[in-house]
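Input: a single structure, listed below in structure tokens.
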Amino acid sequence: MTTEPTKYSFFSYRDDCLQPVSAGVVSEYPVQLIVNGREIATLIGSPHDLRFLVAGFLRLQGFVSALSDFEMFSVCEEFGSANVRIKGELPERLKPVLTSGCGTGISFSMPDAGSDTHFARGDGQPVLPAQIFGLMEELARRAAHYRSHGGIHSAAIGRAGRMMLYAEDLGRHNTFDRIAGEALFKGINMAGAELVTSGRVSTEMVAKASLMGIKLIASRTSPTDMAVKLCEQAGICLVGYVRGGSFTVYSHPEVIEPFPSAGKIEGVTGVILAGGESSRMGRNKALMEVDGNAIIARSYRTLASLFHEVIVVTNTPEAYNFLPCRKVADIHPGVGSIAGLEAGLAASNTERIFVSACDMPFLSPDLIRLLCHASGNCDAVVPLNSEGLREPLHAVYRKTALDVMRSVIGNGEKSILQVLDSVDTKLVQQEEFSSIAGALSSFSNVNTPDEYEKITGQK
7 MTTEPTKYSF FSYRDDCLQP VSAGVVSEYP VQLIVNGREI ATLIGSPHDL
57 RFLVAGFLRL QGFVSALSDF EMFSVCEEFG SANVRIKGEL PERLKPVLTS
107 GCGTGISFSM PDAGSDTHFA RGDGQPVLPA QIFGLMEELA RRAAHYRSHG
157 GIHSAAIGRA GRMMLYAEDL GRHNTFDRIA GEALFKGINM AGAELVTSGR
207 VSTEMVAKAS LMGIKLIASR TSPTDMAVKL CEQAGICLVG YVRGGSFTVY
257 SHPEVIEPFP SAGKIEGVTG VILAGGESSR MGRNKALMEV DGNAIIARSY
307 RTLASLFHEV IVVTNTPEAY NFLPCRKVAD IHPGVGSIAG LEAGLAASNT
357 ERIFVSACDM PFLSPDLIRL LCHASGNCDA VVPLNSEGLR EPLHAVYRKT
407 ALDVMRSVIG NGEKSILQVL DSVDTKLVQQ EEFSSIAGAL SSFSNVNTPD
457 EYEKITGQK
């Protein structure tokens, strides 16, 4: 079995933004160990030469001392299991000796990180890159033993970049155990906190962090592949290689604040609808390029510079893995854009959303700001184009419009205009944004090959 790092698609933070990147992670492989018909442990280690790992473990536990002590020795690397029969009987009760090193490599009882978490993961507020760097720098300052001896691991939890608890130990997993114990004694709720650690993040640490409701785990080095998978399942943002003003995000990048230095519009979520069939175009128009970038990537970058969160509504999330944001499903397939609008509004953590279609390559940040600031208490704010027609997919909506949307969908209707006719809608006249350069181009979309050629000069 190869030990070469597997390549995955993650996100790299540098130069004030998240960019897709291909990176490798260390493999972590569990082996179920059955001896004389009894499952005695799960060994967790690297995937190469597993027979040596199994034999060495049994030898050092005192179960065997020579090859002749094995009556049967079978290791299945494909399924991660070892079935061994040895001479003599196993003790009725096994008492494993836990080492003080960087992890036991043995799991007798692992919390279920893949199940629904026991606690909420915070208030939905994104984590600023500066907060991650700040916690890691504070960890380094406190870890005097780590610097002087090179054998002491350290960890800490914080909230919004402010350190709450710190611990150090010979074993990297013990550091989090110490933090969890101190939090218990002091009555500190760890749900939604950020965890920073000096050591590699493995499945054991992820499982424990998930049990405590940790929102983000950050390390100086890379995680294991299984840790990445568990974090993805548990809803934890996993960050590695935090150093020199950059880091790599391995799971749930939407937890990280995109474009943190930009002035964000508070109380509004950006939503991109990417659920259309592109029947007139004949291919996925969201992925077609304008000036070297996919149209939806251009839209994401614009909205991410304006809002703390961007959501893509799609039933094919795998097509947009290169976007570091949350993807939500349209639960009314075949109904059209009104269903995507309802899904995005319902999924947002804010009272209002700005929505755009996925085929709008020239979104104007200034026009979007004007619409968001003009909303007041209206259910919807919709601009009028040069022909005096409403632009319902370049508009602001409030959650108070959800009931009407659901009623329209329930009646078998598909028109967003019917929703606008039934709620308190503010229409923004062209004269109100005529001073914004390129404002009318913000409404441009690409529905047909002819429109695409007109915009790009490409066929």
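Residue numbers for the sequence shown follow the working numbering, so the first one is 7 and each next one is one higher. Think of the CB as a built atom: it goes at the ideal place given N, C-alpha and C, for glycine as much as any other residue.
From residue i to residue j, what distance separates their C-alpha atoms?
i: F449; j: F368; result: 8 angstroms
i: R168; j: Q137; result: 8 angstroms
i: L171; j: L217; result: 17 angstroms
i: S208; j: D55; result: 20 angstroms
i: L134; j: D22; result: 11 angstroms
i: A215; j: S343; result: 39 angstroms
i: T431; j: C384; result: 6 angstroms
i: T406; j: V434; result: 19 angstroms
i: M294; j: K270; result: 28 angstroms
i: S441; j: G394; result: 17 angstroms
i: S106; j: F16; result: With a pLDDT of 35 at S106, under the threshold of 50, the predicted position of this residue should be treated as unreliable, and no value is reported.
i: K192; j: G177; result: 23 angstroms
i: Y458; j: H314; result: 30 angstroms
i: N299; j: F439; result: 27 angstroms
i: G68; j: L145; result: 40 angstroms
i: N417; j: S252; result: 51 angstroms
i: A47; j: D75; result: 19 angstroms
i: T356; j: Q131; result: 11 angstroms
i: E95; j: R65; result: 15 angstroms
i: N80; j: Q239; result: Checking the displayed sequence, the identity of residue 80 turns out to be Ser instead of Asn. Distance between the alpha carbons of S80 and Q239 is about 32 angstroms.
i: K420; j: A443; result: 33 angstroms
i: R396; j: S428; result: 14 angstroms
i: R20; j: R307; result: 15 angstroms
i: H338; j: P455; result: 28 angstroms
i: L24; j: G250; result: 15 angstroms
i: E147; j: R206; result: Per the sequence shown, the amino acid found at residue 147 is Arg instead of Glu. C-alpha separation (whole angstroms): 19 angstroms.
For the putative contact between residue i and residue j, defined by C-beta atoms under 8 angstroms, what is the C-beta separation to the nearest angstrom?
i: V341; j: A353; result: Between A353 and V341 the Cβ distance is about 16 angstroms, and since that is not below 8 angstroms, they are no contact.
i: C364; j: S305; result: 7 angstroms
i: E83; j: K93; result: At roughly 25 angstroms, the Cβ-Cβ gap does not stay under 8 angstroms, so E83 and K93 are not in contact.
i: F58; j: L49; result: 11 angstroms between Cβ atoms; not a contact.
i: V234; j: L244; result: 6 angstroms
i: G350; j: I317; result: 6 angstroms
i: I185; j: A166; result: Going by Cβ atoms, the distance from I185 to A166 rounds to 17 angstroms, so no, they are not a contact pair.
i: A213; j: L190; result: That pair is no contact at about 18 angstroms.
i: Q436; j: L390; result: 6 angstroms
Below 8 angstroms between beta carbons: does that hold for residue i and residue j?
i: S87; j: Q38; result: yes
i: F139; j: V248; result: yes
i: E469; j: M211; result: Shown here, the chain extends from 7 to 465; a query on residue 469 therefore has no answer.
i: E348; j: L408; result: yes
i: S18; j: T227; result: no
i: L312; j: R375; result: yes
i: P330; j: V31; result: no
i: G187; j: G219; result: no
i: A380; j: V388; result: no
i: N451; j: M366; result: yes
i: V27; j: V60; result: no
i: N327; j: G281; result: no
i: Y256; j: G246; result: yes
i: M5; j: A224; result: What is shown of the chain runs 7 to 465, which leaves residue 5 out entirely.
i: V296; j: I194; result: no
i: A303; j: F265; result: no
i: L426; j: S392; result: no
i: N290; j: A325; result: yes
Based on DSSP bridge pairs, tell me the residues matched to residue i.
i: Q38; result: T48 and S87
i: I5; result: In this structure the chain extends from 7 to 465, so residue 5 is not present and cannot be described.
i: G177; result: Paired residues: none, contrary to the question.
i: K333; result: V318
i: E295; result: A300
i: R249; result: S252
i: P26; result: F17
i: H400; result: S362
i: C378; result: Looking at the DSSP assignment, C378 forms no beta bridge with any residue, so it has no partner.
i: C243; result: L222
i: G164; result: M169 and E200
i: R159; result: First, the amino acid is wrong: residue 159 is His here, not Arg. Paired residues: D175.
i: F79; result: V90
i: V274; result: R358
- Query: Three or more C-beta pairs closer than 8 angstroms, one from the region 159 to 178 and one from the region 195 to 205: is that the case here?
  - Reply: yes
- Query: Contact between the region 264 to 281 and the region 347 to 363: three or more CB pairs below 8 angstroms?
  - Reply: yes
- Task: May I ask you to verify whether the region 392 to 406 touches the region 319 to 339, counting CB pairs closer than 8 angstroms and requiring at least 3?
- Result: Short answer: they don't touch.
- Task: Count the CB pairs spanning the region 260 to 269 and the region 171 to 184 that are closer than 8 angstroms, and state whether there are at least three.
- Result: no
- Query: Do the region 411 to 419 and the region 366 to 383 make contact, defined as three or more Cβ pairs closer than 8 angstroms?
  - Reply: no
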